[in-house]
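*Asks:* Residue numbers for the sequence shown follow the numbering used here, beginning at 30 and rising by one.
All C-beta atoms, glycine included, are put in the ideal place defined by N, C-alpha and C.
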Amino acid sequence: MSKKELVFLPLGGSGEIGMNMNLYGFGTPANRQWIMIDCGVMFGDLSTPGIDLICPDPAYILEEKEALNGLLLTHGHEDHIGAVALLAPKLGCPVYATPFTAALVARKLEEYGEHDVELNVIDMNARFQIGPFDIEYVTLTHSIPEPSGIILRTELGDVLHTGDWKIDKAPTLGPVTDSEIIKKLGDDGLMAMVCDSTNVLSSGESGSESAVRESLTKLIAKQEGRVAVTTFASNVSRVVSICEAAMAADRSVCLLGRSMLRIVDAARETGILPEGLRFVEPRDAGFLPRQHVLYLCTGSQGEPRAALSRIARNDHRDLTLSAGDTVIFSSKIIPGNDREIYNLQNDLVELGVKIITEKDEFIHVSGHPCREELRAMYDWARPEISIPVHGEARHLEEHAKFALELGTKRSFAPRNGDLIRIAPEGPERIEVVPAGRIFLDGDTLLPDGAPPIRERRKLSYAGVLVVSVVFERAELVDDVAIDGVGIVSTIEESDDMSDLSGDIEEALFALPKTKRKDDEAVSLAVKRAVRVYFDDVWGKRPIVITQIHRIE
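1. When DSSP labels each residue in this structure, what does N149 get in the three-state scheme?
2. Give me, in chain order, the residues of the same chain whose beta-carbon lies closer than 7 Å to that of T130; leave out the 5 immediate sequence neighbours on both sides.
3. Buried or exposed, going by whether 16 or more other CB atoms sit within 10 Å of the CB of I414?
4. Which partner residues of E209 appear in the DSSP bridge assignment?
5. What does the Cβ neighbour count give for P333, buried or exposed, with the cut at 16 atoms within 10 Å?
6. If you compare alpha carbons, which of G492, F316, M526 and A341 is closest to E379?
7. Would you mind stating whether G446 and L38 have Cβ atoms separated by less than 9 Å?
8. Can you list, in chain order, the stretches of the beta strand (DSSP E) that have 3 or more residues and sit fully within the stretch 167-223?
9. With H, G and I counted as helix, E and B as strand and the rest as coil, what does DSSP make of G305?
10. Return helix, strand or coil for K383, following the three-state DSSP convention.
11. Can you list the alpha helix (DSSP H) stretches of 4 or more residues lying completely in the stretch 343-380, in chain order?
12. Quick one: complete beta strand (DSSP E) runs, 3+ long, within the stretch 83-133?
13. Compute the Euclidean distance between the alpha carbons of R423 and G42, then round it to the nearest angstrom.
14. Give every residue of the same chain whose Cβ lies closer than 6 Å to the Cβ of R400, excluding the five residues on either side of it in the sequence, and list them in chain order.
15. Under 9 Å between the Cβ atoms of L337 and R255?
16. So M71 and I90 are in contact, right, with Cβ under 8 Å, and what is the actual spacing, rounded?
17. Distance check for E484 and F55, CA to CA, integer angstroms please.
18. Kindly give me the distance between the Cβ atoms of L598 and S281, rounded to whole angstroms, as I take these residues to be in contact under 8 Å.
19. Cβ of A314 within 9 Å of Cβ of C283?
20. Would you check if the distance between the CB atom of L115 and the CB atom of L469 is smaller than 9 Å?
21. If you draw a straight line from the alpha carbon of M153 to that of D74, how long is it in whole angstroms?
22. How would you write the range of the alpha helix (DSSP H) that L435 sits in, first residue to last?
23. Can at least three beta-carbon pairs, one atom from the stretch 163-183 and one from the stretch 191-208, be found at a separation below 8 Å?
24. Starting from Y407 and walking both ways along the alpha helix (DSSP H), at which residues does that stretch end?
25. What are the partner residues of L469, as DSSP defines its beta bridges?
26. Which word fits E402, buried or exposed, when buried means at least 16 other C-beta atoms lie within 10 angstroms of its C-beta?
27. Taking the alpha-carbon positions, what's the Y371 to T246 distance?
28. Please classify L323: does DSSP put it in a helix, a strand, or coil?
29. Going by DSSP, which residues form a beta bridge with E501?
30. Rounded C-beta distance between A199 and S239? I'm assuming under 8 Å.
31. Alpha carbons only, please: which of L202, G455 and P123 is nearest the one belonging to L185?
32. What is the residue span of the beta strand (DSSP E) that F55 lies within?
33. Measure the C-alpha to C-alpha separation of V573 and V566 and round it to an integer number of angstroms.
34. How many angstroms separate the CA atom of A550 from the CA atom of V506?
35. So, for S123: in the same chain, excluding its five sequence neighbours on each side, which residues have a beta-carbon less than 6 Å away from its beta-carbon?
Below, the structure written as structure tokens:
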């Protein structure tokens with residue numbers, strides 16, 4: 030008879046930074062009960078043209094969704110909640126979140142028109158039962174309000190799932206980390222900790238938001254002209270610090286960007302935003318003296334549609350910046366966004382704007398634990414097993430090694446799809462399950478490798494060529510017509526294109542008459558002729574679309 034097991038399965042966020050999705054299962058292999066922790070996204074890039082959001086493929090758990098008891102959210106960052114509105118209707122289980130996180134999720138559900146998802150708003154430090162799991166939320170600190178770790182108590186042992194965290198001894202909003210409950214877990218014997226790995230390669234500590242506030246206050250006070258500050262909108266502590274620094278410098282604050290407005294609105298609704306913060310409307314801010322206004326903008330990562338990017342392109346309807354103005358990047362560069370951010374900063378410099386980044390001044394701290402913070406967490410929790418998540422392969426492997434140095438008996442660095450038995454006698458990978466990605470293409474979800482995505486990638490590389498041929502019975506009755514998009518202009522305009530027409534006609538004449546009546550055979554002959562031609566004159570092969578017209 031099969032014994033009960035406690036298993037862990039990451040479907041996103043292990044081997045990458047972003048789109049976190051983690052599953053815990055309890056029971057026999059044939060009859061497990063599941064919970065999910067977090068359901069996030071990552072953003073599309075140049076390798077996924079036309080795709081804004083990418084999320085984990087939940088196909089594995091959808092096959093057992095009648096055994097999925099709930100989706101628990103640790104905090105409100107997009108890489109932890111961004112896919113809830115897309116996937117929760119398919120998962121069909123209740124969603125649990127603290128008030129601020131729930132307010133953000135509710136707005137997303139409303140935006141997508143999803144009204145049937147059961148969203149449960151729970152208190153900080155809530156404790157409740159879901160199936161075989163005794164769940165308790167534990168307050169941590171991070172770069173967003175209400176970050177929570179989750180304790181899972183089972184009859185086989187307890188697990189601490191940290192979510193994203195840091196140790197901020199002087200946060201500007203919200204409480205400090207509840208170290209006492211974590212220490213008690215360690216005293217009682219914590220079986221496993223599933224822990225954030227983002228900054229494991231960085232020594233020391235991540236730093237406090239209070240210190241950033243002091244630095245921003247001094248820096249903003251020294252500026253002349255208009256000041257624009259960009260930061261992660263979800264970092265409400267930073268937003269408040271910037272607003273307070275502006276008020277200290279006798280500057281009114283104007284919010285620019287949809288996500289900034291949405292986050293501030295949610296913070297006000299849930300009582301997180303301090304009383305007394307006031308904002309001026311964009312249409313009014315333009316009439317204020319330049320030295321008495323501060324714009325708080327989205328776009329710290331160079332997002333092309335964000336407020337700061339539009340300002341840098343001089344196409345924002347409410348704000349222009351020029352010589353004598355300053356833009357402060359109170360943020361870091363997320364790996365992969367380097368080129369977009371540098372392009373944005375170059376555009377601002379071309380306008381004569383002064384740029385200040387974290388390389389120039391102390392205006393940003395990370396929301397993730399560096400090595401000394403990890404050391405403190407392991408001293409408190411003292412888990413027997415360490416399972417690093419939320420990181421690329423290099424982060425996970427280094428974290429697993431570091432955990433052993435800190436006294437953990439066993440560690441395992443998973444990848445998405447690794448089904449790991451935690452208890453009994455874990456950690457052990459017992460199976461590798463499918464763990465793909467799905468893409469939001471407009472309003473449609475597509476699997477990775479779907480034809481439209483493959484074709485767009487090729488289009489972005491070599492363009493498209495449209496070839497039109499007209500047959501009467503089995504004979505060509507008109508010249509071959511060719512039109513290209515994304516083809517090198519010197520080829521399109523040269524006499525060589527007439528050579529291509531001739532090559533295509535020869536290829537078609539070479540076909541037996543019976544084959545010329547077969548559209549598939551005609552299309553294949555055209556593509557072969559085009560491939561040979563472009564291999565010779567360009568070294569690239571465009572996508573070929575063959576339009577076949579027949580006169581009966």
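*Replies:* Taking the coordinates as given:
1. For the purposes of this step, residue 149 is taken as residue 120 along the sequence shown, with counting starting at 1. N149: strand per DSSP, three-state reduction.
2. Reading the sequence shown from its first residue, position 101 is the one you call residue 130. For T130, where only same-chain residues beyond five positions count, the Cβ hits under 7 Å are L102, H104, G105, I110 and E175.
3. To locate residue 414, count along the sequence shown from 1; it is residue 385. It is buried - the Cβ of I414 has at least 16 other Cβ atoms within 10 Å.
4. Within the sequence shown, residue 209 is the residue found at index 180, counting from 1. According to DSSP, which records beta bridges pairwise, E209 is partnered with nothing at all.
5. Mapped onto the sequence shown, residue 333 falls at position 304. Counting C-beta atoms within 10 angstroms of its own C-beta, P333 has fewer than 16 neighbours from the protein chains shown and is therefore classed as exposed.
6. Taking the first residue of the sequence shown as position 1, residue 379 is located at position 350. It is A341 whose Cα lies nearest to the Cα of E379.
7. Taking the first residue of the sequence shown as position 1, residue 446 is located at position 417. Taking the first residue of the sequence shown as position 1, residue 38 is located at position 9. For G446 and L38, yes; Cβs fall inside 9 Å.
8. 177-183 and 186-190
9. Taking the first residue of the sequence shown as 1, we reach residue 305 at position 276. Residue state, collapsed to three classes: coil.
10. Position 354 of the sequence shown holds residue 383. Correct three-state label for K383: strand.
11. 367-379
12. 97-101 and 124-126
13. Your numbering for residue 423 matches position 394 in the sequence shown. Your numbering for residue 42 matches position 13 in the sequence shown. Each residue's alpha carbon lies about 13 Å from the other.
14. Against the sequence shown, residue 400 aligns to sequence position 371. So the list reads S232, once near-sequence residues are dropped.
15. As a first step, residue 337 is located in the sequence shown; it is residue number 308 there, counting from the start. As a first step, residue 255 is located in the sequence shown; it is residue number 226 there, counting from the start. Not a contact, by the Cβ cut-off of 9 Å.
16. Along the sequence shown, one-based indexing puts residue 71 at 42. Along the sequence shown, one-based indexing puts residue 90 at 61. Between I90 and M71 the Cβ distance is about 19 Å, and since that is not below 8 Å, they are no contact.
17. Within the sequence shown, numbered from 1, the residue matching residue 55 stands at position 26. Within the sequence shown, numbered from 1, the residue matching residue 484 stands at position 455. When rounded, the distance between both Cα atoms is 42 Å.
18. Because the chain is modelled from 30 through 581, residue 598 falls outside the range shown and cannot be assessed.
19. If you number the sequence shown from 1, residue 314 lands on position 285. If you number the sequence shown from 1, residue 283 lands on position 254. In contact: A314 and C283 (Cβ atoms closer than 9 Å).
20. The count along the sequence shown starts at 1 and reaches residue 115 at position 86. The count along the sequence shown starts at 1 and reaches residue 469 at position 440. Cβ atoms of L115 and L469: closer than 9 Å.
21. Taking the sequence shown and counting its residues from 1, the one referred to as residue 153 is at position 124. Taking the sequence shown and counting its residues from 1, the one referred to as residue 74 is at position 45. Roughly 36 Å separates the two Cα atoms.
22. Your numbering for residue 435 matches position 406 in the sequence shown. It is not in any alpha helix (DSSP H) - L435 carries neither H nor E in the DSSP assignment.
23. yes
24. Here the question's residue 407 lines up with position 378 in the sequence shown. First-last of the alpha helix (DSSP H) with Y407: R400 to A410.
25. To locate residue 469, count along the sequence shown from 1; it is residue 440. According to DSSP, L469 bridges with L82 and L474.
26. In the sequence shown, the residue the question calls residue 402 occupies position 373. Its Cβ being crowded by 16 or more others within 10 Å, E402 is buried.
27. Walking along the sequence shown from the start, residue 371 turns up at place 342. Walking along the sequence shown from the start, residue 246 turns up at place 217. Using only the alpha carbons, I get a separation of about 26 Å.
28. Position 294 of the sequence shown holds residue 323. L323 falls in the strand class under three-state DSSP.
29. Counting from one through the sequence shown, the residue named residue 501 turns up at place 472. The partner list for E501 (beta bridge, DSSP) reads E504 and I580.
30. Counting from one through the sequence shown, the residue named residue 199 turns up at place 170. Counting from one through the sequence shown, the residue named residue 239 turns up at place 210. Yes, A199 and S239 are in contact; Cβ-Cβ is about 4 Å, under 8 Å.
31. As a working note, residue 185 is residue 156 in the sequence shown. Ranking the options by Cα distance to L185, first place goes to G455.
32. Residue 55 sits at position 26 when you count from the first residue of the sequence shown. Run containing F55: M50 to T57, per the beta strand (DSSP E) assignment.
33. Locating residue 573 in the sequence shown gives position 544, where the first residue counts as 1. Locating residue 566 in the sequence shown gives position 537, where the first residue counts as 1. Those two C-alpha atoms are separated by around 16 Å.
34. Position 521 of the sequence shown, counted from the first residue, corresponds to residue 550. Position 477 of the sequence shown, counted from the first residue, corresponds to residue 506. Roughly 18 Å between the two C-alpha positions.
35. Reading the sequence shown from its first residue, position 94 is the one you call residue 123. What sits at residue 123 in the sequence shown is Pro, not Ser. Closer than 6 Å at Cβ, skipping near neighbours: G99, E147 and N149.
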